[in-house]
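Chains as they are written, first to last, in the numbering used here: chain A, 1 to 320; chain B, 1 to 310; chain C, 1 to 685.
A virtual CB, placed ideally from N, CA and C, is assigned to each residue, including glycine.
Note that the coordinates shown come from a computational prediction; the quantities given were computed from them, not determined experimentally.
Notes to accompany the following structure.
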């Protein structure tokens, strides 16, 4: 088990190192002078020099890489240039992460039970009209881009129904309930995107488990349907679901750029978008790496959870 | 699938017995050569999902090739009704803040997306299939390194990675196509790779090795034809995602060109803020267009998937 | 068509109602909206304390019957007519709750693959205990009962097994666990669906011993489904022969197997090598035609299309039930003409074995490196193949049979010092570096044709490629050669343009054999070529292999777990254990004379369809890991004749007992001839 965790961490580390290289290279390989992008077309030569200096772009790429690696370990990426000039990059990132976390957690609380239930029901009612309806509607929705879903929700829920808010961010100092109320529409949009996907994965896993001889053995033993589901199906059938949730969690943190924009929410995606708009390299680098780290942690936790669920996975993951 | 009745009639001598017997899937008689393909196509053509999908996608293809037959206006032409007019007989889907006809803009908006998405998907499929087959068959250190690169790319959400790349290299159409293609390669490679690994474990590959076939022959002639169904499915699924990705990039303002160009994603981004003032039509109709196209493509992808695996 | 007459072979003087009574059962599977008939009126009874076997080829409906016996229907299964009763209660009329209670308290089922039948994520103890909790025991009580249940099925160290997960146990152990769970409720009815298929012969024998032993304790009725006629013969009291969803013959095992009274039963029994039959004596019979697919509409006698003695009457009238002797009946119009059913053809050609060694395996060892450890898969193997000779290779799974095959074919390179030779000349290690002559000299027929044939290619392309690649013939000549080969395999031209999945299992295997012969090989390695096929198809393939060998003068390395088949086809037999040849000799010698203790145990484990009671030597424990072979003689840990102080210290040499017969054992011929101590022998009754 320990061997498995170590190996996973090592792989995650290699991946991270690779991303670090990419992120370092961005301003170096971008056509044009990155300093001018930040300082603007009318900036004086002195100002340009100064910006180039503070970006560290006069150093060799290797030195830049080393500095960035140090930043990762000290969690200090310096100050922001343009997104919020002078503020420490990490404080921007932390606050964005906090906002994203609120949305993601709320979304998970709604999505996971609903889509897992959907998957179980459709698997049990395989090939009936209930199954077809749920799965087809789910798939159709999950094909739609998140911002399109968001715009529809704005038009058909936020405008006619007062309860739903156009802005996802509640006014400062609002109670948690009000905050949740503001987050409802983006959560529904995320639900629309993910329900079909997760339900389908759960359905497939459940059908495999239901078709197995051990499920048959359990039925033959005289267990009732809920008993068989609880004791025998769940832990086997939900392993793919857990794996998918692990990978999607990272995407929820960083991939909701367009949705965050529709609802004016200051999440990680939005932060990176602003950093790109204003060529704020330090914020951009820190933001991208933060998303990657979250992805690594989420997939690692998912793998650990699967290893806990399945002793065979425990062994094989540790082995190779 | 019957026919064994007649086939079994003349009792041959024991020695000549064709023991077609055992398996439940019995032999397809006579000109059965293309029978299975035909069966698959029949499953495809008769599936309602496929028909609806083809109708939707077909409509948008017509719109992108010959927009003139669907509308008499020009996307940047001021119509008589004036700006911000609700859908009416004058302007079927209303007009936007510039006084442009929303219907016309939706029709004209199909062209760019239906050019960029298929091209980038095709590039990604070719590269991804090639890499996947090589990695899955040869394994070894090439596979090990490429797997890490793929893992790294997959660890960042596609949209995020795309805006970073486009920011770095500029917003030209070539960069956009290249970006979408590059970002889709990892997922395709991964799918094809695991299929290639499964194929490599089968005895027909062992048999080819035993008669001294080259690796190139085994990969291109023996394995590739067995994964084409998967490649087609993967291609249509990815096409859906390419449309998804492109419109999102357009919405975020990363597709270059002019913000007045007829492009569904751009139109949504230019107009969605007016929804709060109950001017919903300039953004909802392009959004609906996006939704219909992705759903159409996904319906086709889903039907192909079912047909290939039937 | 409807056969619903309820058939009671015995007068109704039974005190209790039978544990299982299936009465005129008709069932269909609904495929894409159309019902397809699978059972066409099945009627039989299993009385308390009786073991009843169902035999038949795949698709005949025997597994469906087994499931129906517990009213467990697949989601698309429909009962069209008939009833299933247990102890007089009608299962087909029970409510869901009653049915659950029935399954929990009175019936159990054991599935084919024990690995699939246990939940991979739960500890063994939890699962066995659950079977008792269902019966109303508390958690603590259930645990105690579970421990006792595991002891009852002779699992060593049950406490530690309780704490283990399924993947940590061997297949044989798992099947014991499954049986232990099945016995939790002291079932009135125990259904076993191919309980030993996929297990090694030695493990199979142990599991069967266990079931037999438990049967005498339990007095439960057993319904046993098996395609292996030997298993049925040794395990059951009565047997029903199924064909196309109907029982065509029923009686005691001795009656049915020794005096078959239906043309189908006769054909089936003639298609397996019985009573030590050899290829030099007679061909195997293969039933002409093809079994009807599920759902086909059939004439009144379902077998008529394949029956050698059928008349028009068989098409128009439902065959009557004809009593042959007490409790033995058959469903045939022409019982009086059974003698006309053709016997297998006697072999007239002489099998001629050359004297010169064509291919040699010389001092071949193969060591794999796994996780930094050396795993010897082959240790100093020496073999030679003369022209036209068949060498049978037997041994449990993991003994290195397939590694030897793959090393010969150049998929693996042998360790330094070993070599594969072609007429005395050493071949290159890897197929890719072998010269053309060497590559074409050895070819292979795989176990599973689905895996061995490229499903994207037509049969023509598969054969064409091998012809071109191996013989260098091109163009029209190659096309002609392909058609020639196909003809030799009794494949017609229309088969050539099909893809593998359009062909039946037997035809696919023919294509694979055709491919193996495309390059005029010196040696064809056949790795379990018939183990995935039904017996009558197996017969046709074995006949084909024997005929081809005689025509083409090729040698075979014939790997099989089926001793009967090896005995039929092989001229010599080699026995492998942990990568070593333990014994090698002429087939005749191997079955007559003195054997290595391992061979002795292996041979005694085979359930014989001839019902000869033999003393069985149980092999204790499972085959040790090749990564960690025992010191001294590798077999000493399981040997019933091991000499303390010698066998676990020194590894014996392969010594020649008589010309051509060698064994790797310390014991002398006299010692090996001594009768085995009674306590190690399991006696069959």
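Determine the direct distance from the alpha carbon of residue j to that of residue i, and round the result to whole angstroms.
| i | j | result |
| --- | --- | --- |
| residue 182 of chain C | residue 77 of chain C | 24 angstroms |
| residue 223 of chain A | residue 304 of chain C | 44 angstroms |
| residue 244 of chain A | residue 227 of chain A | 26 angstroms |
| residue 589 of chain C | residue 571 of chain C | 10 angstroms |
| residue 173 of chain A | residue 166 of chain A | 18 angstroms |
| residue 105 of chain A | residue 132 of chain A | 29 angstroms |
| residue 115 of chain A | residue 179 of chain C | 38 angstroms |
| residue 204 of chain C | residue 18 of chain C | 29 angstroms |
| residue 71 of chain A | residue 215 of chain A | 52 angstroms |
| residue 30 of chain B | residue 484 of chain C | With a pLDDT of 36 at residue 30 of chain B, under the threshold of 50, the modelled position of that residue is not reliable, and no figure is offered here. |
| residue 391 of chain C | residue 200 of chain C | 20 angstroms |
| residue 500 of chain C | residue 220 of chain A | 37 angstroms |
| residue 11 of chain C | residue 40 of chain C | With a pLDDT of only 41 at residue 11 of chain C, under 50, the local geometry of the prediction cannot be trusted, and the value read off the model is given with reservation. Computed Cα separation, rounded: 25 angstroms. |
| residue 598 of chain C | residue 630 of chain C | 15 angstroms |
| residue 563 of chain C | residue 34 of chain C | 43 angstroms |
| residue 333 of chain A | residue 211 of chain A | Since the first residue of chain A shown is 1 and the last is 320, residue 333 of chain A is not available in this structure. |
| residue 14 of chain A | residue 533 of chain C | 49 angstroms |
| residue 134 of chain B | residue 591 of chain C | 51 angstroms |
Quick test of your reading: residue i and residue j, contact by CB under 8 angstroms. State the CB separation rounded to the nearest angstrom.
| i | j | result |
| --- | --- | --- |
| residue 220 of chain C | residue 188 of chain C | 6 angstroms |
| residue 378 of chain C | residue 403 of chain C | 6 angstroms |
| residue 266 of chain A | residue 169 of chain A | 6 angstroms |
| residue 676 of chain C | residue 617 of chain C | 6 angstroms |
| residue 262 of chain A | residue 272 of chain B | 7 angstroms |
| residue 655 of chain C | residue 580 of chain C | Contact flag wrong, Cβ pair sits at about 14 angstroms. |
Tell me which residue opens and which closes the alpha helix (DSSP H) that residue i is part of.
| i | result |
| --- | --- |
| residue 47 of chain C | Per DSSP, residue 47 of chain C belongs to no alpha helix (DSSP H) and is neither H nor E. |
| residue 102 of chain C | 96-106 |
| residue 212 of chain C | 201-218 |
| residue 366 of chain C | Not the alpha helix (DSSP H): residue 366 of chain C falls in the beta strand (DSSP E), residues 357-370. |
| residue 421 of chain C | From DSSP, residue 421 of chain C is part of no alpha helix (DSSP H) but of the beta strand (DSSP E) over 419-422. |
| residue 138 of chain B | 110-138 |
If you follow the beta strand (DSSP E) that residue i is in, where does it begin and where does it stop?
| i | result |
| --- | --- |
| residue 663 of chain C | 661-664 |
| residue 464 of chain C | Per DSSP, residue 464 of chain C belongs to no beta strand (DSSP E); it is in the alpha helix (DSSP H), 459-471. |
| residue 83 of chain A | Run containing residue 83 of chain A: none; DSSP gives neither H nor E here. |
Quick one: what does DSSP say residue i is sitting in, helix, strand or coil?
| i | result |
| --- | --- |
| residue 539 of chain C | helix |
| residue 529 of chain C | coil |
| residue 408 of chain C | helix |
| residue 392 of chain C | strand |
| residue 181 of chain C | helix |
| residue 377 of chain C | strand |
| residue 28 of chain B | Note that residue 28 of chain B scores 38 on pLDDT, short of 50, meaning its location in the model is unreliable; the coordinates nonetheless yield the value given after this. Here residue 28 of chain B sits in coil by DSSP. |
| residue 51 of chain A | helix |
| residue 33 of chain B | Low per-residue confidence applies at residue 33 of chain B: pLDDT is 42, beneath 50, and the placement is therefore not dependable, though the value from the model is reported in the following sentence. Here residue 33 of chain B sits in helix by DSSP. |
Quick one: which chain E residues come within Cβ less than 9 angstroms of residue i?
| i | result |
| --- | --- |
| residue 272 of chain B | Absence of chain E from the displayed structure is noted, the protein chains being A, B and C. |
* Asked: Closer than 7 angstroms, Cβ to any Cβ of chain B: which residues of the segment 142-159 of chain A, in chain order?
  -> 143, 144, 145, 147, 148, 151, 152, 154, 155 and 159
* When you check each C-beta in the segment 231-252 of chain A against every C-beta of chain B, which residues fall closer than 7 angstroms? -> 250 and 251
* Asked: Given a limit of 7 angstroms on CB to CB distance, which residues of the segment 158-183 of chain C reach chain A?
  -> 165 and 167
* Using a Cβ cut-off of 9 angstroms, which residues of the segment 441-471 of chain C contact any Cβ in chain B, in chain order? -> If you check each beta-carbon in the segment 441-471 of chain C against every beta-carbon of chain B, the ones closer than 9 angstroms belong to 442, 443, 444, 446, 447, 448, 449, 450, 451, 452, 453, 454, 455, 456, 457, 458, 462, 465, 466, 469 and 470.
* **Residues from the segment 12-40 of chain A in contact with chain B, defined by Cβ distance under 7 angstroms** => Within the segment 12-40 of chain A, the qualifying residues are 14, 15, 18, 19, 26, 29, 30 and 31.
* To do: Scan the segment 187-208 of chain B for residues whose Cβ lies nearer than 9 angstroms to a Cβ of chain A and list them as they occur along the chain.
  => none
* Asked: In the segment 76-108 of chain C, which residues sit with their C-beta less than 8 angstroms from some C-beta in chain A, listed in chain order?
  -> Against chain A - using a Cβ distance shorter than 8 angstroms - the residues of the segment 76-108 of chain C are 100, 101, 102, 103, 104, 105, 107 and 108.
* Asked: Taking Cβ-Cβ distances below 7 angstroms as the criterion, which residues of the segment 278-310 of chain B are in contact with chain A?
  -> 278, 280, 283, 284, 287, 290, 291, 294, 295, 298 and 302
* Under 8 angstroms (Cβ pairs) to chain B, residues found in the segment 422-434 of chain C -> 431, 432 and 434
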